[in-house]
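Trainee: I have a structure here, written as structure tokens, and I will follow up with some questions on it.
Residue numbers (full-length UniProt numbering): 1 to 136.
Printed below as a string of structure tokens:
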């Protein structure tokens, strides 16, 4: 099973291709960087994500050496995170779901970080510390 996943909960937008066993076939991303001393705001972050999401989709598919037909499902971070930037990925996934006739899997951002630690370490029963709000 191959999933095309989208993450855009803060200042980074990413589109990755992963398999059910946790193999990462591609993981392109782009970070919105503000001038020193300034935080990232919702409007500007959203514009950044809109500007980069289509090139990231193309890059993810090309790097993974797959076509849209190879995708079994589409995943996206529903939250928590910044509301409007999250919607960029949500809208892209819903449009692709309609075009490609693929199911959608909604992902909790916090749980995904914890599960990623488990998958990457291949630990049977890991102890994980998740710290939220690292950008603040």
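Glycine included, C-beta positions come from ideal geometry on N, C-alpha and C.
Model, not experiment: these values are computed from the prediction.
(1) Please say whether residue 104 and residue 75 have beta carbons closer to each other than 9 Å?
(2) According to the neighbour-count rule (16 or more other Cβ atoms, all chains shown, within 10 Å of its Cβ), is residue 1 buried or exposed?
(3) How is the alpha helix (DSSP H) around residue 111 delimited, first residue to last?
(4) How far does the beta strand (DSSP E) with residue 78 in it reach, from first residue to last?
(5) So is residue 11 buried or exposed if we call it buried at 16+ other beta carbons inside 10 Å?
(6) If you reduce the DSSP assignment to three classes, tell me which class residue 39 lands in.
(7) In the DSSP assignment, find the beta strand (DSSP E) that holds residue 17 and state where it starts and stops.
(8) Label residue 23 either buried or exposed according to how many other C-beta atoms from any shown protein chain fall within 10 Å of its C-beta, with 16 as the threshold for buried.
(9) Can you give me the C-alpha to C-alpha distance between residue 48 and residue 79, rounded to a whole angstrom?
Mentor: Quick look at the numbers:
(1) Yes.
(2) exposed
(3) 109-121
(4) Residue 78 -> beta strand (DSSP E) spans 73-79.
(5) buried
(6) Coil, per DSSP.
(7) 12-19
(8) exposed
(9) 18 Å
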